[in-house]
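Numbering (our numbering), first residue to last: 2 to 553.
A quick write-up on the structure given underneath.
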């Protein structure tokens, strides 16, 4: 028996019968014995580095900390694409010659390439994962890649890897898992050579899994292909969109790729039409505030503003208000960036800033379309704000959003943009500041063990007497299989409502306005975000800790 079959039998427990079958196949069809055995399932590809090292008496390189390694400058004249395709990579150079790392030391094509280069070389065995990591680093450092872009050979290979079964199955499994856990976003980020996977569930990021180093680049490439991005572009941010159907669910995925120092971060936002119900009851707005908002949206003219940070549910609330007003006798036009959900019976317009069709330009066009109700995705500049206010004065009901921490601050934000105070006083109907807190899981929520301590620490009895007829029903998160052991399932809005009535209009819009507006709102039974959150905690809808996390 020759050396390789003997080694396979003695050191790697390959049976004699399997070796004989593989040898017979080799004599008839050719090929490498070890690769035939792998195809038969008699040998694992993971042991190849150890096998070749023993067979050829080669050293093995196992150091995983190669982040500081750089491709030798002299190697940039080598045909790297061809060498990498054959499983060889120039690693270092010294007076005695070149050292190549390899996963396929017996590849004759690679041997011929190196022989043609006329260099002395030695080989070091590495595993597949480490080889792929070194290849990524080499390609990042290789000036031979024109303007940092992939060559046609590299791009073709990436496309091939992205369409292989392991890549496709892994990505589909992650998306399916995200949908099952009700994630709104999935984050793929580089982390020590691997891919870190996180889901945002009910507004909170959670570590979920890691992607093996060898699959990080193929998975990101597949996402870029599906979302019509340039897979060769790794220096600039890119955005794309995927439309797919998984498990009977029609899904739109907004994809964002951002170059980092050690790779690319890709974030997917899942837009599920079946997951959104534009119903006031679903928002969880307190009955007294809901009644006031319903009165406001029935007015025929004016501006209703929603404020809050990104991800606070402003768009969902706006869609809910529009859905309430969506009747055959009313024309509604929205101007959004981007249009996330399509609403039946409503004319939705997508902003195209790259061609000069921004919010201001779009709004000027919209008012010529004879709308009754206008929804602006966001007020970002003076011109948009001024046109919105003037549209309200000419008989339109306008909904929009601004980024401020509370309701009174919307006044100062618009003044900072350059809107005249008289325009604000004339146009604004109400301002609604919103946050989202996680709702306690109805299956496992339990009475809070430290209810007495919480009541005393946060003076809750005072709030209970004032807001909830003295009732206190504090609960705590427990965790069960229905809520993925988080204790929470779903979210509910907490609201600060400010009606822009004569009292608010009369307050000078100077540095004291915010403080005076809060006092005026309080005197009219208004609540801050924190107080509305505490009310929901006292009713057992959420927890004190969750309210303090969001609005404390």
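Don't be surprised by glycine CBs; every beta carbon is placed ideally from N, CA and C.
Just so you know, these numbers come straight off a predicted model, no measurement behind them.
| Query | Result |
| --- | --- |
| Take residue 361 and list the residues in its own chain whose beta-carbon comes closer than 8 Å to its own, dropping the five residues that flank it on each side. | 382, 384, 385 and 388 |
| Going by C-alpha distance, which of 290, 337, 258 and 197 is nearest residue 230? | 258 |
| Quick one: what's residue 195 bridged to in DSSP? | 192 |
| Nearest-angstrom Cα distance between residue 246 and residue 162? | 23 Å |
| On the DSSP bridge assignment, give the partners of residue 348 in chain order. | 334 |
| In the DSSP assignment, find the beta strand (DSSP E) that holds residue 281 and state where it starts and stops. | It is not in any beta strand (DSSP E) - residue 281 instead sits in the alpha helix (DSSP H) that spans 281-284. |
| To which residues does DSSP link residue 93 through a beta bridge? | 100 |
| Which class does residue 1 belong to by DSSP, given the choice of helix, strand or coil? | Residue 1 is absent from the structure shown; the chain starts at 2 and stops at 553. |
| By how many angstroms is the C-alpha of residue 46 removed from the C-alpha of residue 323? | 59 Å |
| For residue 160, write down the residues that DSSP places opposite it in a beta bridge. | According to DSSP, which records beta bridges pairwise, residue 160 is partnered with nothing at all. |
| Who are the Cβ neighbours of residue 160 in its own chain at under 6 Å, not counting the five residues just before and after it? | none |
| With DSSP collapsed to three states, give me the class of residue 318. | helix |
| I think residue 481 touches residue 541, with their Cβ atoms under 8 Å apart; what is that distance to the nearest whole Å? | So it is not a contact: roughly 17 Å between Cβ atoms. |
| When burial is assigned at 16 or more other CB atoms within 10 Å of the CB, is residue 74 buried or exposed? | exposed |
| Run through DSSP, which three-state label would residue 328 get? | coil |
| Quick one: grab the DSSP three-state call for residue 273. | strand |
| Any idea what DSSP makes of residue 303, helix, strand or coil? | strand |
| How do the stretch 283-293 and the stretch 250-269 stand: do at least 3 beta-carbon pairs fall below 8 Å, yes or no? | no |
| Can you confirm whether the stretch 489-506 touches the stretch 390-403 when touching is taken to mean that 3 or more C-beta pairs between the two stretches lie within less than 8 Å? | no |
| Looking at C-alpha atoms only, which residue of 243, 35 and 515 is the closest neighbour of residue 48? | 35 |
| From residue 226 to residue 232, what does the alpha carbon distance come to, in whole angstroms? | 7 Å |
| If contacts are defined as beta-carbon pairs under 8 Å, then residue 410 and residue 290 qualify, I think. What distance do you get, rounded to the angstrom? | About 18 Å; that fails the 8 Å criterion. |
| Take residue 207 and list the residues in its own chain whose beta-carbon comes closer than 6 Å to its own, dropping the five residues that flank it on each side. | 200 |
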